[in-house]
Amino acid sequence: MAEKAELVEFEQAVLPHLGAAYNLARWLTGNDHDAEDLVQESYLRALKFFSGFRGGNSRPWLLTIVRNTCYTWLRRNRMEDLTAELDEDMHAVDFATSNPEAVLLAAARRDLVQRALEDLSPVLREIVILREMEGMSYKEIAEVTAVPIGTVMSRLARARARLEELLADANPTGARA
Amino acid sequence: MSCREVRELIHGYADGELDLVRNLEMERHFRECAACASDYERLRGLRAAMSGSLPYYQPPAGLERRLHARLRAEPGTEPRVREFAMRWQWAAIAAALVLTAAGVWRVARMSSRPDSAEILANEAVSSHVRSLMAAHLTDVASSDRHTVKPWFNGKLDFSPAVGDFPSQGFTLAGGRLDYLDGRPVAALVYQRRQHIINLFVWPAPDHPDSEILATDRQGYHVLHWTKVHMNYWAVSDLNARELREFAELVRKTV
């Protein structure tokens, strides 16, 4: 049986991050039902691995497990999303747009901003969530996503440039073209 | 700093990831270059739009409570234990196959079928390991042999002799039903310091009394003897000398 003391210690370390875990899973899966299932699965896995956790900040540690659990799900259910942009990591991207006014208009619409993020590939979406919503440092994001810090920076640049593109193409006055 | 360098570092700057010197160089460049300054303003605008627009999804009501309950329902280490026990079983089967192939078996002469004692030794060790791993050491936990012995009544077609040897340092911890050699057997559990001894007992109608024979399996010592038409198999990680001491005690007493 799991030691009671260990379970209490575990819960103290990871339950405070339930919101972050759920938000990440929800954004990666796109629906509540799978997000809840994957969060529960992640916590059970985290309990199993807890003896390997060496203290320190438990949030990146937990989110790493949540992220990996979600990726297993994505590979099974959304393989096409995962393969979409992986080969573009190499290219540097300039943050530039041909239509700053359109971006500005669209950015004022919550639904359009949300949809733009949903349209990013999971690899870029998670970078934005970890940086903009969780306020994580590049180092922490590198830990969660298992890539070098340089890749975190280039993915973040790509994600933001892509968001601008999507917003510039969105039609703030009506339905999407 | 050139515009190219600024474009490379602009996200690091916006995210507060640059060192102080570079920060200052970036700021100086923005004061002098309208194009780069405008890029930076757009980036700030985009980030502000995201922080204002993107929903931070809240866990559904009750998820924390469900999780709390599920973590408690989870036998925690049990998945690992089960895998571990399975590995032992496979290891035991592998060991049995290897030894059968080699035909090396000293205890064999006690048995009518040369391989059966060997297989039995593996079974006994597997049962011992399982009893320690699966949190199912005893069905009846008692150091009182007058509690343990009657417990087997009606569960087995024989009545095992149950000894207790506290003054010699072997304490009865309880008993359990187990399954060995294709039949239900009595498993008596003894403790010596931190070491657990499983003593498996079942009838051996056609067997004469024997000496105590020793073998090792997977780091466990296994002792076997027959007395008054009963099979005895003792398994433990206790050192060989003390386990033999235990076996002599049982053999002498019952």
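Just so you know, the protein sequences line up as chains A and B, in that order. Count along the first sequence from 1, then add 67; that gives the number in the working numbering. Count along the second sequence from 1, then add 17; that gives the number in the working numbering. No residue lacks a Cβ here, since even glycine has one placed at the ideal position from N, Cα and C. Predicted model only: the values in this text are computed from it and were never measured.
Within the 9 Å Cβ cut-off, does A/Ala237 reach chain B? no
One question on the structure: do B/Val252 and B/Val271 come within less than 9 Å of each other, judged by their Cβ atoms? no
Quickly, what does DSSP pair B/Val239 with across the bridge? List them, please. BP columns for B/Val239 point to B/Thr232, B/Val252.
Can you give the Cα-Cα distance for B/Val165 and B/Asp233, rounded to whole angstroms? 28 Å
Please list, in chain order, the chain B residues whose beta carbon lies closer than 7 Å to that of A/Ile145. The question names Ile, yet the displayed sequence has Arg at residue 145 of chain A. Those within 7 Å of A/Arg145 in chain B number zero; the least Cβ separation is about 18 Å.
The alpha helix (DSSP H) enclosing B/Leu63, as first and last residue numbers: Residues 51 to 70.
Please list, in chain order, the chain B residues whose beta carbon lies closer than 7 Å to that of A/Arg198. Asp32
List, in order along the chain, the chain A residues whose C-beta lies closer than 7 Å to that of B/Glu44? In chain order: nothing, as chain A lies at least about 17 Å away.
CB contact check: A/Ala88 to chain B, cutoff 9 Å: yes
Just curious, the alpha helix (DSSP H) that A/Tyr205 is in, first and last residue? 205 to 212
What does A/Leu82 reach in chain B if we use C-beta pairs closer than 7 Å? Glu81
Delimiting residues of the alpha helix (DSSP H) encompassing B/His212: No alpha helix (DSSP H) contains B/His212, which is instead part of the beta strand (DSSP E) from 212 to 220.
For A/Tyr89 and A/Thr136, I'd like the C-alpha separation in whole angstroms. 12 Å
Test: B/Gln75 CB closer than 9 Å to a CB of chain A: It does: the Cβ of B/Gln75 has a partner Cβ on chain A nearer than 9 Å.
Check A/Thr164 in the structure and name its three-state DSSP category. coil
Evaluate the contact criterion for the stretch 224 to 242 of chain B versus the stretch 135 to 154 of chain B: three or more CB pairs, one atom per stretch, below 8 Å. yes
At a Cβ threshold of 9 Å, is A/Ala72 touching chain B? no
What is the DSSP secondary structure of B/Arg193, reduced to helix, strand or coil? strand
Meets three-Cβ-pair contact criterion under 8 Å: the stretch 256 to 269 of chain B and the stretch 173 to 186 of chain B: The answer is yes - the stretch 173 to 186 of chain B touches the stretch 256 to 269 of chain B, with three or more Cβ pairs under 8 Å.
Are the stretch 74 to 86 of chain B and the stretch 37 to 52 of chain B touching by the rule of at least three beta carbon pairs closer than 8 Å? no
Check whether the stretch 117 to 137 of chain A touches the stretch 24 to 44 of chain B, counting contact only when three or more Cβ pairs, one atom from each stretch, lie closer than 8 Å. no
So, does the stretch 105 to 116 of chain A touch the stretch 222 to 237 of chain A, judging by three or more C-beta pairs under 8 Å? As far as the Cβ criterion goes, the stretch 105 to 116 of chain A does not touch the stretch 222 to 237 of chain A, which means the pair count is below three.
Between A/Pro189 and the rest of its own chain, which residues show a CB-CB distance below 7 Å, the 5 nearest in sequence each way excluded? Leu95, Leu141, Asp148, Leu149
Below 7 Å CB to CB, which residues in the same chain sit around B/Trp168 once its five sequence neighbours on both sides are set aside? Counting only residues of its own chain and dropping the five nearest sequence neighbours on each side, B/Trp168 has a CB closer than 7 Å to the CB of Val157, Gly192.
Below 8 Å CB to CB, which residues in the same chain sit around B/Asp198 once its five sequence neighbours on both sides are set aside? So the list reads Ser133, Leu137, Glu140, Trp219, Asn248, once near-sequence residues are dropped.
Helix, strand or coil: how does DSSP classify A/Pro215 here? It is coil, neither helix nor strand.
Residues, ordered as in the chain, of the stretch 119 to 140 of chain A that lie near chain B by beta-carbon distance below 9 Å: none
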